[in-house]
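Chemist: The structure's right below; bear with me while I get my questions together.
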Amino acid sequence: MRSGEPVHVSGQFAFDAAGEFPDGYDFGAQLRRAHAHMDRVLDHYGATRNQIVSQTLYVVDLRHHAAAAARANPAYFGEHRPAGTVLGVTEPTVPGQVVEIAFVIEARLPA
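In my numbering, the protein residues as written are 3 to 113.
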């Protein structure tokens, strides 16, 4: 949703075109696929990863996946470090889902 210059994006997770999770319960693979969905949203708004100012990760079984979640940020963002929160959840919206990402784009920042 765009409200002025910030763009608030919710519900990025690892489903494919058929609404399935082809990576099963593989957290790393689901996170990479969710990041790919984020890139498509960024493209839609003509934005880049450097314009993401905050993100929230919702992770099933966070204790088990915390290290992988921590490694994912530098892999996805490079040197850029948006504000972030990681929350453990017990039951996601869609069966098979293990991660979901919400984020905010600030379109006025340099790309």
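Don't be surprised by glycine CBs; every beta carbon is placed ideally from N, CA and C.
Exposed or buried, which one is Arg73 when buried takes at least 16 other CB atoms within 10 Å?
Modeler: Here residue 73 is taken as the residue at index 71 of the sequence shown, counted from 1. With fewer than 16 Cβ atoms within 10 Å of its Cβ, Arg73 is classed as exposed.
Chemist: Whose CA, out of Gly98, Tyr78, His67, lies closest to the CA of Phe23?
Modeler: The residue you call residue 23 lines up with position 21 of the sequence shown. Nearest option by C-alpha distance: Gly98.
Chemist: Report yes if the C-beta distance between Val9 and Tyr47 is below 8 Å; otherwise report no.
Modeler: Here the question's residue 9 lines up with position 7 in the sequence shown. Here the question's residue 47 lines up with position 45 in the sequence shown. Cβ atoms of Val9 and Tyr47: closer than 8 Å.
Chemist: Which residues does DSSP list as the beta-bridge partners of Leu44?
Modeler: Translated into positions along the sequence shown, residue 44 becomes position 42. DSSP lists no partner for Leu44.
Chemist: Buried or exposed: which applies to Met3, given that a residue is buried once 16 or more other Cβ atoms fall within 10 Å of its Cβ?
Modeler: As a working note, residue 3 is residue 1 in the sequence shown. With a pLDDT of only 47 at Met3, under 50, the local geometry of the prediction cannot be trusted, and the value read off the model is given with reservation. Exposed is the call here.
Chemist: Report the rounded CA-to-CA distance for Ala113 versus Glu7, giving the unit in angstroms.
Modeler: Here residue 113 refers to the residue found at position 111 when the sequence shown is read from its first residue. Here residue 7 refers to the residue found at position 5 when the sequence shown is read from its first residue. Going by the C-alpha atoms only, they are around 14 Å apart.
Chemist: Can you tell me the Cβ-Cβ gap for Val100 and Val55, rounded? I've got them flagged as a contact below 8 Å.
Modeler: Position 98 of the sequence shown holds residue 100. Position 53 of the sequence shown holds residue 55. Not quite, the Cβ-Cβ distance comes to about 25 Å (not below 8 Å), so this is no contact.
Chemist: DSSP on Gln99, reduced to helix/strand/coil?
Modeler: Locating residue 99 in the sequence shown gives position 97, where the first residue counts as 1. In the displayed model, Gln99 falls within coil according to three-state DSSP, outside both helix and strand.
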